[in-house]
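Undergrad: Residue numbers (this note's numbering): 1 to 331. Think of the CB as a built atom: it goes at the ideal place given N, C-alpha and C, for glycine as much as any other residue.
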Amino acid sequence: MILITGAAGYIGSHYALNFSEFGLDDIVIFDNLSTGHIDTIEKLQKINPKIQFIKGDLKNKDEISSVFKKFKIDSVIHFAALSQVGESVINPSLYYLNNVVGSINLLNSMVENNVLKIVFSSTAATYGEPKYTPIDENHPQNPINPYGNTKLMIEKIMDDYDKAYNLKSIRLRYFNVIGADEKTRIGEWHDPETHLVPNILKSVFNNSKEFKIFGDDYDTKDGTCIRDYVDVLDLADAHRLALEYLNKYNKTDVFNLGTQEGQSVKEIFNISQEIINQKVNFKVVEKRLGDPKILLANSSKAKEILNWQPKRTTFDSIKNAFKWEKVLNKN
Ligand code: UFG
Numbered sequence: 001m002i003l004i005t006g007a008a009g010y011i012g013s014h015y016a017l018n019f020s021e022f023g024l025d026d027i028v029i030f031d032n033l034s035t036g037h038i039d040t041i042e043k044l045q046k047i048n049p050k051i052q053f054i055k056g057d058l059k060n061k062d063e064i065s066s067v068f069k070k071f072k073i074d075s076v077i078h079f080a081a082l083s084q085v086g087e088s089v090i091n092p093s094l095y096y097l098n099n100v101v102g103s104i105n106l107l108n109s110m111v112e113n114n115v116l117k118i119v120f121s122s123t124a125a126t127y128g129e130p131k132y133t134p135i136d137e138n139h140p141q142n143p144i145n146p147y148g149n150t151k152l153m154i155e156k157i158m159d160d161y162d163k164a165y166n167l168k169s170i171r172l173r174y175f176n177v178i179g180a181d182e183k184t185r186i187g188e189w190h191d192p193e194t195h196l197v198p199n200i201l202k203s204v205f206n207n208s209k210e211f212k213i214f215g216d217d218y219d220t221k222d223g224t225c226i227r228d229y230v231d232v233l234d235l236a237d238a239h240r241l242a243l244e245y246l247n248k249y250n251k252t253d254v255f256n257l258g259t260q261e262g263q264s265v266k267e268i269f270n271i272s273q274e275i276i277n278q279k280v281n282f283k284v285v286e287k288r289l290g291d292p293k294i295l296l297a298n299s300s301k302a303k304e305i306l307n308w309q310p311k312r313t314t315f316d317s318i319k320n321a322f323k324w325e326k327v328l329n330k331n
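1) Counting only the same chain and skipping the five closest in sequence on each side, list residues whose C-beta sits under 6 Å from that of Asp217.
2) Report all residues from its chain with a CB closer than 8 Å to the CB of Pro143; omit the five preceding and five following residues, and keep chain order.
3) Once you ignore the five residues that flank Gln263 on each side, which residues in its own chain have a CB closer than 7 Å to its CB?
4) Since Leu172 is in the beta strand (DSSP E), which residue starts that stretch and which ends it?
5) At a cut-off of 7 Å, would you count Ser122 as near ligand 1, judging by its Cβ distance to the nearest heavy atom?
6) Strictly by DSSP, which residues pair up with Lys283?
7) List the endpoints of the continuous beta strand (DSSP E) containing His78.
8) Check for me: the beta strand (DSSP E) holding Gln84 runs from which residue to which?
9) Mind checking Asp31: buried by the 16 CB within 10 Å criterion, or exposed?
10) Can the beta-carbon of Lys43 be found closer than 8 Å to that of Arg185?
11) Mapping DSSP to helix, strand and coil, what is Lys183?
12) Quick one, are the C-beta atoms of Val67 and Leu3 less than 8 Å apart?
13) Could you name the residues that DSSP lists as bridge partners for Ile226?
14) Classify Ser317: buried if its beta carbon has 16 or more other beta carbons within 10 angstroms, exposed otherwise.
15) Given Ile64, which residues of its chain have a CB within under 7 Å of its CB, disregarding the five upstream and five downstream residues?
16) Are Ala297 and Leu257 touching if we call contact CB-CB under 8 Å?
17) I need the straight-line Cα distance from Gly9 to Ile154, nearest angstrom please.
18) Going straight from the alpha carbon of Lys163 to that of Asn99, what length do you get?
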C-alpha cells in the first residue's frame with residue numbers, strides 16, 4: 001500500500017487518479033484539508049472505492065505515526081505542503097512549521113516503521129535565480145524565498161536520512177504545472193488563486209476581475225516572463241515512473257520535470273484567448289516581486305533514466321483547464 005500525503009490538493013489528486021487508473025489501487029491519503037478539498041477526495045473515492053482517507057496534520061507527529069501503525073505502507077509519495085511564494089515571504093514561520101517540521105514528522109514516522117522509500121515534490125524554486133538556462137539538476141541551489149528554502153531543507157534532510165537510516169528518496173523538481181483531468185473530474189482549485197493560467201481563465205467568469213500581466217519590460221522576446229509549462233497529468237506519469245524506479249533500484253536521485261520549452265506570459269495569454277474564443281480584458285501592471293525573467297528546465301535526465309516523456313501540448317493543458325474552470329464556476 002502507498003501513502004499519499006496532500007492528495008486533496010492539485011498535483012497530489014491528479015497523481016492519485018493516475019495511480020488508480022493504472023489499476024494500482026492500494027492507496028491511503030493523508031491530508032489536513034487546509035488548502036485541499038474534501039470534494040476532491042470524495043471524487044477520487046468514487047473513481048477508486050479502495051482509496052482510504054485519513055484527515056490529519058503532519059505537524060502532529062502522533063497523527064501521522066498512527067497511519068503507519070494502522071496500514072501496511074510500503075512507500076510514500078509526499079505532496080503535502082504550502083506552496084505560495086508570496087505568502088511564504090510574508091509568513092515564513094507558517095512555511096517552516098508546515099513544510100519542514102511536517103516533513104520531519106513524516107520521515108521520522110517512516111524510519112520508525114521501517115518504511116524507507118519516498119517520492120518528494122520539490123521545485124524549481126530551489127534553484128533561485130538561474131545562473132544558466134536551461135536548468136539541469138546540477139545547477140546551484142540558492143532559493144530566493146522561504147518556500148524554496150523549505151523545499152531545499154527537506155532535500156538536505158533526506159540526504160542525511162539516507163546516510164544514517166538508509167531512507168531512499170526521489171526528489172522531483174517541478175517547473176510550472178498546468179492543466180486538469182481530461183474528463184473534468186478534478187482540476188486546479190486554489191483559494192486564493194495566484195497562478196497564471198487559472199487567473200486568465202477566471203477573468204472570463206468574473207467580469208470585475210481583469211487579468212493582470214506582471215510586467216512587460218523584461219529582457220525577453222516580448223518583454224514578459226518565460227516559464228516551462230508542464231501538464232499535471234504528465235507530471236502524474238512521472239511520479240508513477242519514479243516510484244517504479246525507486247522500487248527497482250532502491251536509489252536516491254533527483255529529476256527536473258519540465259518540457260524544455262519556454263513560453264512567455266503573452267504567449268500563454270494568446271493561447272488561452274484562442275481556447276476561450278472571446279476577448280479577454282487585461283492590463284499590464286508592475287512586476288511581481290521575486291519573479292525570475294526565465295525558468296526553463298533541462299529535463300533530459302528524467303527522459304533518459306525514468307523514460308518520461310511529456311505528452312500533452314500547452315494547448316491541450318489549457319483546454320482541459322478551461323473545461324475544469326467551467327465546472328468550478330457552475331458550483
Ligand atoms: N503571472 C501574471 N499574472 C498572473 C499570474 C502570473 O502575469 O495573474 C505571471 C508571473 O509573473 C510569472 C508567470 O505568470 O511570470 C507564471 O506565474 P505563476 O504564478 O503561474 O508561476 P510561478 O512561476 O510564479 O511559480 C511556479 C510555482 C511555484 C514555484 C515557482 C518556481 O507555482 O510553486 O514556479 O518554480 F515556486
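TA: Quick answer:
1) Gly223
2) Ala125, Thr126, Tyr127, Gly128, Asn149, Lys151 and Leu152
3) Ile226, Arg227, Tyr229 and Thr314
4) Lys168 to Tyr174
5) no
6) Lys212
7) Ser75 to His78
8) Note, Gln84: premise wrong, no beta strand (DSSP E); not H, not E.
9) buried
10) yes
11) coil
12) yes
13) Ser264 and Ile294
14) buried
15) Phe30, Gly56, Leu58, Asn105, Leu106 and Ser109
16) yes
17) 20 Å
18) 22 Å
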